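If you count the sequence shown from 1, you need to add 1029 to reach my numbering.
Quick reminder that beta carbons are idealized off the backbone N, C-alpha and C, glycines included.
Note that the structure is a prediction, hence the values are computed from the model and not measured.
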Amino acid sequence: MEKNSKKRKDYLNWDEYFMSIAKLTAGRSKDPNTQVGACIVSSDNRVLSTGYNGAPNHFHDDQFPWDREGNPLETKYMFVCHAEANAIDNYRGYKKEFEGARIYVDLFPCNECAKRIIQSGIKEVIYLSDKYQDSDSTKASKLMFDTCGVTYRPLEKEHQKILKITLKPDVGVEYEKEI
Ligand SMILES: [Zn+2]
1030 MEKNSKKRKD YLNWDEYFMS IAKLTAGRSK DPNTQVGACI VSSDNRVLST
1080 GYNGAPNHFH DDQFPWDREG NPLETKYMFV CHAEANAIDN YRGYKKEFEG
1130 ARIYVDLFPC NECAKRIIQS GIKEVIYLSD KYQDSDSTKA SKLMFDTCGV
1180 TYRPLEKEHQ KILKITLKPD VGVEYEKEI
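Written as structure tokens, this is what we have:
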């Protein structure tokens, strides 16, 4: 007879849990077009840090140019801090904790974040979307990851579920297994 047979069966596994945190963190982004969240996790499954794409500290959100086109100085690209970079920079602990850590992120990291990830000691990237896979930036990220020993994988299809979190008392997390 199986021990712990009364254990709940449909609890979130680690990948689902940490990707959920990354997704939830994306909910803080003010970017009207792209909301990205990241969650850095130690090799023994502790959340070390989170981040989302946003303005640098003290750059007022209302003055931040969220445009994608036009004069470069009036677009977000010059100024926005990516989710992965923010997750690394938001960490207030001992950076050695990043050795062998992994990062969960919505979108495959750009080449600038890839460099930060490699230098931080993070060894694995788990992502949901690779929609810019044909861009030079993503190709450069993969080249660097492959060369520098950082592995990457998408969250497996069977773990891509829909969660419904209700911020009210006495309501558990509900989710659908099939999308
Ligand atoms: Zn980036």
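- DSSP places K1124 in the helix class (H, G or I) of the three-state scheme.
- For a cut-off of 8 Å, the C-beta gap from E1141 to T1180 is around 20 Å, too long to register as a contact.
- A distance below 6 Å between beta-carbons, with the five flanking residues on each side excluded, links D1159 to the following residues of its chain, in chain order: F1137.
- Within a 10 Å sphere around the beta-carbon of E1045 sit 16 or more other beta-carbons, which makes this residue buried.
- Nearest neighbour of V1076 by Cα position, chosen from P1085, I1147, G1122, turns out to be G1122.
- For ligand 1, residues qualifying as neighbours are H1111, E1113, P1138, C1139, E1141, C1142, where qualification means a beta carbon closer than 6 Å to at least one of its heavy atoms (chain order).
- For T1167, the enclosing alpha helix (DSSP H) covers residues 1165 to 1177.
- In summary, M1107 is exposed, with fewer than 16 beta-carbon neighbours lying within 10 Å of its beta-carbon over all protein chains present.
- Taking every protein chain shown into account, the CB of F1088 has fewer than 16 other CB atoms within 10 angstroms, so this residue is exposed.
- For R1145, the uninterrupted alpha helix (DSSP H) run begins and ends at 1140 to 1149, by DSSP.
- S1158: member of the beta strand (DSSP E) spanning 1153 to 1158, first to last residue.
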